[in-house]
Every structure is written in structure tokens, then in C-alpha cells.
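Structure first, then comments.
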Ligand SMILES: [Zn+2]
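In my numbering, the protein residues as written are 354 to 562.
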């Protein structure tokens with residue numbers, strides 16, 4: 354995870370809101386890895402999610418260059434919402450933490466509602482980013498969270514047990530036994546560790562090689 358950036362981190366939470374929670378790592382032993390280091394990272398991430406298209410991103414970046422304070426505030430607001438989204442799916446039922454996160458999401462949807470805009474493009478309907486720096490990302494994230502937290506799928510949101518990961522993902526496997534955010538990273542590492550432990554044990558106990 355240490356050589357990753359917002360352009361290379363895996364996007365495999367299964368829902369927009371979970372992917373956004375996974376823009377940082379949540380290691381069990383403290384410390385964390387932040388992938389949102391500036392407003393531009395929000396834009397790059399949203400483009401990877403195809404939430405916005407390249408022209409929207411260019412327009413937002415041009416606005417951010419002109420209004421650096423506003424862009425910084427937009428990043429701070431996004432990071433605050435990310436904490437609330439994490440609590441929404443990682444905390445227990447009906448706790449104060451959950452209630453507070455639900456209030457944050459409700460407030461975000463209410464304030465973003467006037468800026469949300471859907472438009473028919475080619476064969477599909479797409480969200481069109483508002484040009485305002487503080488009004489293009491939070492609404493879609495909060496709506497994605499509202500949809501998931503109120504659906505039966507909420508019960509299938511899991512936390513990856515990878516020790517430097519703890520990302521959230523929606524387990525969409527047929528038998529509901531997905532354990533890791535990805536078999537290529539955390540799952541693969543755990544598998545390699547188990548393999549190593551299994552094969553070194555005979556020598557440690559003094560058995561003949
Ligand atoms: Zn993981």
C-alpha cells in the first residue's frame with residue numbers, strides 16, 4: 354500500500370460511498386495512509402469513478418486555481434464527510450456514532466440538493482457536476498450512502514481484516530464469504546503468510562527437513 358496514489362489505489366468497494374471511504378487506509382496499529390492530499394486528488398478520484406468527465410474535471414481545477422481557499426475548504430468538507438461515511442458502515446447499530454453520522458449525511462443531502470443535476474447523454478443519464486467548488490461531490494456521495502444504508506445490502510458491507518488496510522467493501526459474492534478487499538493485495542498477502550507459517554513449522558519444532 355505504500356507506493357500507491359489516488360491514481361493507482363484499487364477501486365473495489367462496490368459502491369461510490371464505500372470507494373470514497375477507502376481513499377485512506379485504517380491500520381489497526383495507528384497511523385494511516387492518506388490518498389486525498391489536495392483538491393486535485395478529489396477530481397482525479399471522481400474521474401476514475403466516472404462520476405465526472407474530463408471537461409468537468411478541467412473546469413473544477415481551473416476554478417480551484419483561482420479560489421484556493423474555497424478548494425481547500427471543499428477538500429476539508431469531503432474528508433469530514435468521509436469520516437461520517439466510515440462511521441455509517443463501520444459502527445454498530447443505533448449507536449450515538451451512527452446517529453451522528455446519519456445526521457451528517459442528511460444535512461449534506463439537504464444542502465447539496467439545489468446543485469444536483471441529472472442530464473441525458475447518449476444512451477444513459479449522468480450526473481453533471483455543478484461548477485461550484487463546494488457543490489459537486491458531496492451530494493452524490495451522500496446520496497450513494499443513503500441508498501446503501503437504507504437497503505438490505507447494508508448487511509453485506511464488510512471490513513477488510515488486512516492489518517494495514519481495513520477498507521470497506523460490499524460483499525456481492527454468491528455465498529457471502531468474501532473476506533478481503535482484494536485477493537491481489539490483502540487476501541494474497543494473508544495467503545502467502547499462511548503458506549510461510551505452514552512450511553516453516555516443521556523446522557522450528559526440530560523435525561528433520
Ligand atoms: Zn484490504
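Glycine included, C-beta positions come from ideal geometry on N, C-alpha and C.
Heavy atom of ligand 1 within 7 Å of residue i beta-carbon
i, result
"residue 440", "no"
"residue 366", "no"
"residue 384", "no"
"residue 515", "yes"
"residue 526", "no"
"residue 539", "yes"
"residue 398", "no"
"residue 489", "no"
"residue 535", "yes"
Beta-carbon contacts of residue i that lie in its chain and below 8 Å, excluding the five residues immediately before and after
i, result
"residue 507", "442, 501"
"residue 564", "Outside the shown range of the chain (354 to 562) lies residue 564, about which nothing can therefore be said."
"residue 429", "none"
Residue i in three-state terms, based on DSSP
i, result
"residue 512", "strand"
"residue 522", "strand"
"residue 378", "coil"
"residue 385", "coil"
"residue 500", "helix"
"residue 420", "coil"
Sequence-distant residues of its chain with Cβ nearer than 6 Å to residue i (five each side left out)
i, result
"residue 416", "486"
**Asked** Contact between the stretch 359-377 and the stretch 511-522: three or more CB pairs below 8 Å?
**Response** yes
**Asked** Counting pairs of Cβ atoms below 8 Å between the stretch 531-547 and the stretch 377-397, do you hit three or more?
**Response** At 8 Å Cβ cutoff, the stretches do not touch.
**Message:** Using 8 Å as the cut-off, can you tell me whether the stretch 412-429 makes contact with the stretch 478-490, which would need three or more C-beta pairs spanning the two stretches below that distance?
**Reply:** yes
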